[in-house]
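Trainee: Numbering (UniProt numbering), first residue to last: 1 to 296.
(1) Per DSSP, which residues does residue 134 bridge with? Please list them.
(2) Tell me which residues share the same chain as residue 50 and place their Cβ nearer than 7 Å to its Cβ, disregarding the 5 neighbours each side in the sequence.
(3) Determine the DSSP secondary structure at residue 111, reduced to helix, strand or coil.
(4) When the Cα atoms are used, what is the spatial distance from residue 52 to residue 177?
(5) How should residue 119 be labelled, buried or exposed, when 16 other C-beta atoms within 10 angstroms of its C-beta is the threshold for buried?
(6) Helix, strand or coil for residue 210? Go by DSSP, reduced to three states.
(7) Around the Cβ of residue 236, are there at least 16 other Cβ atoms within 10 angstroms (buried) or fewer (exposed)?
(8) Quick one, which of 198, 13, 58, 104 has its alpha-carbon nearest residue 298's?
(9) Measure from the alpha carbon of residue 311 to the alpha carbon of each residue in 104, 203, 65, then state which is nearest.
(10) Take the Cβ of residue 305 as the centre, count every other Cβ of all protein chains shown within 10 Å, and call the residue buried at 16 or more, exposed below.
(11) Tell me whether the beta-carbon of residue 74 lies closer than 8 Å to the beta-carbon of residue 167.
(12) Does the stretch 130-137 come close enough to the stretch 102-118 that 3 or more CB-CB pairs lie under 8 Å?
(13) Using the rule of at least 16 other Cβ atoms within 10 Å of the residue's Cβ for burial, across every protein chain shown, is residue 23 buried or exposed?
(14) Any contact of the stretch 67-81 with the stretch 245-257, i.e. 3+ C-beta pairs under 8 Å?
(15) Does the Cβ-Cβ distance between residue 31 and residue 238 come in under 8 Å?
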């Protein structure tokens, strides 16, 4: 667990520990081993991180990121950014759950990937996860265009790969997501130096500025996507969605409902971040309070 903790987040370590401990408990119960070696192991606590840098505004989503995403996957990113749906909820979506006329999406199933195999479960991760979420106009438009341009999956799936197969998260991240961030100017930098000459620039883990030159923009983008650490995650679209709603004054219980959380504390603790203008809005909220007035 100590070694794993140097390479993975505390949440991932905790989930690995939970699964391993469950397997070993079953082995003890079946008398295959004498004791569960996971007992007494201290799992790293989940750290509350400053994730303000991983919030993408709705304006930047529409103006910068979406145009940089390949046509086949643009509606997928729009859906995630405009509804806060999880990766598995997006990729497990079928057209029967979308009502573009009513501008709603019903979350009733989820795609789960284990060891490279994707399966569709009929219910989301919790009772609260089964929900109906309103669609913003830009997502409706892109979903309608997607339906016209790309074939429906063999089981009615909205999103598939170019071979009509299920989307795999790791491949999507490497081949679609990270290059899209680079093209959008949200991760590293690619600039044209001349005819058949492109410059790729990024900052490595030690904070050192790196650069390389390529003959095509595609190769430069792919290099930055591979070499530049960090960057916005697909799941950060969900964080950003919740943060935007809260910052615009949507009641927390309403945000909780569309996010599919069991408790409002989850919404506040995990999926909202400091927003621009927060301090001034707090001052404005008490601007007319008699205790803060200069009048006697």
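The beta-carbon is built from N, C-alpha and C at its ideal position, and this holds for glycine as well.
Mentor: The relevant details are as follows:
(1) Along the chain shown, one-based indexing puts residue 134 at 134. 104, per the DSSP bridge assignment.
(2) In the chain shown, the residue the question calls residue 50 occupies position 50. Here residue 50 scores only 44 on pLDDT, less than 50, and its place in the model should not be relied on; the value that follows carries that caveat. None.
(3) Taking the first residue of the chain shown as position 1, residue 111 is located at position 111. Three-state result, residue 111: strand.
(4) Mapped onto the chain shown, residue 52 falls at position 52. Mapped onto the chain shown, residue 177 falls at position 177. With a pLDDT of only 48 at residue 52, under the threshold of 50, the placement of this residue in the model should not be trusted, and no figure is reported.
(5) Counting from one through the chain shown, the residue named residue 119 turns up at place 119. In the assembly as shown, residue 119 is an exposed residue. Its beta-carbon has fewer than 16 other beta-carbons within 10 Å.
(6) Within the chain shown, the letter at position 210 stands for residue 210. Strand at residue 210.
(7) In the chain shown, the residue the question calls residue 236 occupies position 236. Result: buried.
(8) Absent from the model: residue 298. The displayed extent of the chain is 1 to 296, so no value can be given.
(9) Because the chain spans 1 through 296 in this model, residue 311 falls outside it and cannot be assessed.
(10) Here the chain has residues from 1 to 296 only, and residue 305 is not among them.
(11) The residue you call residue 74 lines up with position 74 of the chain shown. The residue you call residue 167 lines up with position 167 of the chain shown. Result no, Cβ atoms of residue 74 and residue 167 do not sit closer than 8 Å.
(12) yes
(13) Translated into positions along the chain shown, residue 23 becomes position 23. Counting Cβ neighbours within 10 Å, residue 23 comes out exposed, since fewer than 16 surround it.
(14) no
(15) As a first step, residue 31 is located in the chain shown; it is residue number 31 there, counting from the start. As a first step, residue 238 is located in the chain shown; it is residue number 238 there, counting from the start. Not a contact, by the Cβ cut-off of 8 Å.
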